[in-house]
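Novice: Numbering (the numbering used here), first residue to last: 35 to 200. For every residue, glycine included, the Cβ atom is placed at its ideal position computed from N, Cα and C.
(1) Is the distance from the Cβ of residue 181 to the Cβ of residue 147 below 8 Å?
(2) Using beta-carbon positions only, say whether residue 51 and residue 40 come within less than 8 Å of one another.
(3) Could you check whether the stretch 151-170 touches the stretch 77-85, counting it as contact only if at least three pairs of C-beta atoms, one from each stretch, sit closer than 8 Å?
(4) Identify whether residue 101 lies in helix, strand or coil by the three-state DSSP scheme.
(5) The beta strand (DSSP E) that contains residue 52, what's its start and end?
(6) Identify which residue in 161, 94, 170 and 176 has its Cα closest to the Cα of residue 194.
(7) Go ahead and label residue 176 buried or exposed: buried means 16 or more other beta carbons lie within 10 angstroms of its beta carbon, across all protein chains shown.
(8) Taking the alpha-carbon positions, what's the residue 119 to residue 173 distance?
(9) I'd like to check one pair, residue 141 with residue 56: are the Cβ atoms closer than 8 Å?
(10) Helix, strand or coil: how does DSSP classify residue 87 here?
(11) How is residue 66 classed by DSSP in three states: helix, strand or coil?
(12) Measuring alpha carbon to alpha carbon, tell me which of 69, 159, 139 and 134 ends up nearest residue 43.
(13) Given this structure, state the Cα-to-Cα distance separating residue 75 from residue 133, to the nearest angstrom.
(14) Just the Cα atoms here: how many angstroms apart are residue 54 and residue 89?
(15) First and last residue of the alpha helix (DSSP H) that includes residue 166?
(16) Are residue 188 and residue 115 close, meaning C-beta to C-beta below 8 Å?
(17) Where does residue 121 fall in DSSP's three states?
(18) Expressed to the nearest angstrom, what Euclidean distance is found between the alpha-carbon atoms of residue 95 and residue 122?
As structure tokens, then:
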């Protein structure tokens, strides 16, 4: 059964996915309560073992933990690009989870701008593709992703940063 979590799709099947905010009904608050519990149950059924939240407000950590899901909260402002420090923290967390066979879902509010940016950086960081191809692949799988020129630019800058640091 496919996920009913808003805008959920796998970028790399059974490894890393993007989504809108779990528990959100349309664009409601969605941070706690029955709606979040239902989405967490569905994410577990879909095989997700870790969540990265890019919204300013964190999900209910105790509820997320009660489903055996690892959790990282990296607040990035809506329509903003993450910093290299935030991308590095995300990449380290996601890579560790995937190595532990815990597929990761990344989410922001709608699952396009901040989420798409981090997903493209993941592809770059895994050295699977150059930044232009990573942006194009994320947009192919998740239409509308990477909404601003600053978000797209940080993917390109991260590629250079990662190459130098690597």
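Specialist: To lay it out plainly:
(1) Here residue 181 refers to the residue found at position 147 of the chain shown. Here residue 147 refers to the residue found at position 113 of the chain shown. Result yes, Cβ atoms of residue 181 and residue 147 sit closer than 8 Å.
(2) Taking the chain shown and counting its residues from 1, the one referred to as residue 51 is at position 17. Taking the chain shown and counting its residues from 1, the one referred to as residue 40 is at position 6. Result no, Cβ atoms of residue 51 and residue 40 do not sit closer than 8 Å.
(3) no
(4) By one-based count along the chain shown, residue 101 stands at place 67. DSSP places residue 101 in coil when its eight states are reduced to three.
(5) Here residue 52 refers to the residue found at position 18 when the chain shown is read from its first residue. Counting along the chain, the beta strand (DSSP E) containing residue 52 begins and ends at 50-53.
(6) Position 160 of the chain shown, counted from the start, is the residue given in the question as residue 194. Measuring from the Cα of residue 194, the nearest candidate turns out to be 161.
(7) In the chain shown, the residue the question calls residue 176 occupies position 142. When all chains shown are included, residue 176 counts as buried.
(8) Your numbering for residue 119 matches position 85 in the chain shown. Your numbering for residue 173 matches position 139 in the chain shown. The alpha-carbon atoms of residue 119 and residue 173 are separated by roughly 24 Å.
(9) Here residue 56 corresponds to residue number 22 of the chain shown, with the count starting at 1. Here residue 141 corresponds to residue number 107 of the chain shown, with the count starting at 1. Result yes, Cβ atoms of residue 56 and residue 141 sit closer than 8 Å.
(10) Translated into the one-based positions of the chain shown, residue 87 becomes position 53. Residue state, collapsed to three classes: strand.
(11) Your numbering for residue 66 matches position 32 in the chain shown. Any reading at residue 66 needs caution, since the residue's pLDDT is 49, under 50, leaving its predicted position unreliable; the model's value is listed next. Coil.
(12) Stepping through the chain shown from its first residue, residue 43 is reached at position 9. When each option's Cα is compared against that of residue 43, the closest is 139.
(13) Taking the first residue of the chain shown as position 1, residue 75 is located at position 41. Taking the first residue of the chain shown as position 1, residue 133 is located at position 99. Near 22 Å, if we compare the C-alpha coordinates of residue 133 and residue 75.
(14) Residue mapping note: residue 54 aligns to position 20 of the chain shown, counting from 1. Residue mapping note: residue 89 aligns to position 55 of the chain shown, counting from 1. Each residue's alpha carbon lies about 10 Å from the other.
(15) As a position in the chain shown, residue 166 is number 132, starting the count at 1. Its alpha helix (DSSP H) spans residues 165-175.
(16) Position 154 of the chain shown, counting from 1, holds the residue named residue 188. Position 81 of the chain shown, counting from 1, holds the residue named residue 115. For residue 188 and residue 115, yes; Cβs fall inside 8 Å.
(17) Counting from 1 along the chain shown, the entry for residue 121 is found at position 87. Residue 121: helix per DSSP, three-state reduction.
(18) By one-based count along the chain shown, residue 95 stands at place 61. By one-based count along the chain shown, residue 122 stands at place 88. If you take the alpha carbons of residue 95 and residue 122, they lie about 22 Å apart.
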